[in-house]
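This report refers to the structure that appears directly beneath it.
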Amino acid sequence: MWLNTTTSSFLLTGFPGMEKAHHWISIPLLVVYISILLGNGTLLFLIRDDHNLHEPMYYFLAMLAATDLGVTLTTMPTVLGVLWLNHRKIGHGACFSQAYLIHTLSIVESGVLLAMAYDRFIAIRNPLRYTSILTNTRVMKIGVGVLTRASLSIMPIIIRLHWFPYCQSHVLSHAFCLHQDVIKLACADITFNRLYPVVVVFAMVLLDFFIICFSYIFILKTVTGIASGEERAKALNTCVSHICCILVFYVTVVGLTFIHRFGKHAPHVVHITMSYVYFLFPPFMNPVIYSIKTKQIQRGIIRLFSLPHMRA
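Listed below in structure tokens is the structure:
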């Protein structure tokens, strides 16, 4: 019998077989969530408040921090609701909206990392024209373009979720809604919803990665042409934080993909844990990386948390 998509709900799942330990599992997750909120929130505050950080590089960093906050605020309520209160029910509309935001923000993150690569490419290849090329208006247009590309590309598959009848088990396998999780419960032809995400991943996420790689090939070619060893080191040092963020993001993407494709016989808890790593590790690490590797961010944090008499 088909479920009525307007009145029925899905059931979210925490860690099956470990329900008695949910409260304990929630403690490290809560610590990570709070760390992400504080870390990325601090970055956004510093970039807005410190005029020394009003540069294209830091505007793109602010976009990355805002994206990471978005992912965290999208997943945190349902995850903690399941682990703390065993609140598993989620309406179809809320579930589809959460899936839309999660997948959109993943594409946005890839796009922002590409924009940051473009920023480093211009800064090293054309340092004298850097500010004239990357004006505030152009940075804003890039940000809007990244957001528009992601939001429009994900919309077709999410809209179709509203049309599907759901006649199978209404239990999802995570504590948040994912498109690939929902379509497994649909009693309809889901060919488009299976193939389209693959096209999106290849056309956007993988393409972004290859363009980033090519941009760094040109950056290295430019840097090797610099006569001074000190200047070469200085130029490369401005890219280290971005490269670390790229590795964190794409390594988790590859890890999650391998688990889904080749880990079918792995315990279900491994799949669930890898999903949490994918959604929490990059947002947790990005502010840490930039706080450690970027002197301007370090100075801003010191000024922010130092006592008034010390600042004076």
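In this note's numbering, the protein residues as written are 4 to 315. Glycine is no exception: its CB is placed at the ideal position from the N, C-alpha and C atoms. Because the structure is a prediction, the values reported are computed rather than measured.
Quick one, are the C-beta atoms of residue 16 and residue 175 less than 8 Å apart? Closer than 8 Å, so yes.
Identify, in the order they occur along the chain, each residue of the same chain with its Cβ nearer than 7 Å to the Cβ of residue 303, setting aside the five sequence neighbours on each side. 49, 53, 56
Kindly indicate which residue of 157, 117, 172 has the alpha-carbon position closest to the one of residue 214. Of the listed residues, the one whose Cα sits closest to residue 214 is 117.
What's the C-alpha gap between residue 133 and residue 61? 14 Å
Taking three-plus beta-carbon pairs below 8 Å as touching, is the segment 90-98 in contact with the segment 23-33? no
Nearest candidate by alpha-carbon position, reference residue 249, set 197, 127, 293, 105: 293
Just the C-alpha distance for residue 191 and residue 143, rounded to the nearest angstrom, thanks. 41 Å
Using alpha carbons as the reference points, say which of 212, 28, 268, 81 lies closest to residue 253. 212
Give a single yes or no on whether residue 243 has its beta carbon closer than 7 Å to a heavy atom of the ligand MG. Of the ligands one can find in the structure shown there are none, so the ligand MG has no counterpart to examine.
Could you name each continuous beta strand (DSSP E) segment of 3 residues or more that falls completely within the segment 28-106, going from the start of the chain to the end? 92-94
Counted within 10 angstroms of its Cβ, other Cβ atoms place residue 130 as buried (16 or more) or exposed: Classification of residue 130: exposed, given that the 10 Å Cβ count is below 16.
So within the segment 254-299, which uninterrupted beta strand (DSSP E) runs reach at least 3 residues, ignoring any that extend past its ends? none
Kindly indicate the opening and closing residues of the alpha helix (DSSP H) around residue 167. Counting along the chain, residue 167 falls outside any alpha helix (DSSP H), and DSSP gives it neither H nor E.
DSSP three-state label for residue 305, please. helix
Among residues of its own chain, excluding the 5 on either side of residue 166, which ones have a beta-carbon nearer than 7 Å to its beta-carbon? none
When DSSP builds the beta bridges, which residues end up paired with residue 113? DSSP lists no partner for residue 113.
When the Cα atoms are used, what is the spatial distance from residue 315 to residue 34? Only weak support is given to the placement of residue 315: the predicted model assigns it a pLDDT of 46, under 50, and the question is left unresolved by the model.
DSSP has residue 131 in a bridge; who is on the other side? Residue 131 is not bridged to any residue.
Looking at the structure shown, is residue 13 part of a helix, part of a strand, or coil, going by DSSP? Strand at residue 13.
Candidates 243, 67, 201, 66: which alpha carbon is nearest residue 260's? 201
At the level of alpha carbons, what is the spacing between residue 169 and residue 13? Straight-line Cα distance between these residues: approximately 10 Å.
Could you check if residue 139 is buried or exposed, using at least 16 other CB atoms within 10 Å of its CB as the buried criterion? exposed
Sort out for me which residues DSSP pairs residue 174 with in a bridge. 14
Beta carbon of residue 75, beta carbon of residue 286: below 8 Å? yes
Anyone know if the C-beta pair for residue 280 and residue 255 falls short of 8 Å? In this structure, the beta-carbon distance from residue 280 to residue 255 falls below 8 Å.
Measure from the C-beta of residue 113 to each C-beta in chain B and report whether the shortest distance is under 8 Å. Structure shown: chain B not included; a single protein chain is present.
Can you give me the C-alpha to C-alpha distance between residue 158 and residue 258, rounded to a whole angstrom? 25 Å
Just to confirm my understanding: we take residue 218, look at its own chain, exclude 5 residues before and 5 after, and list those with CB closer than 6 Å. What are they? 120, 124
Cutoff 6 Å; reference residue 46; Cβ partners in own chain excluding five residues on either side: 68, 290
Buried/exposed call for residue 113, threshold 16 Cβ in 10 Å: buried
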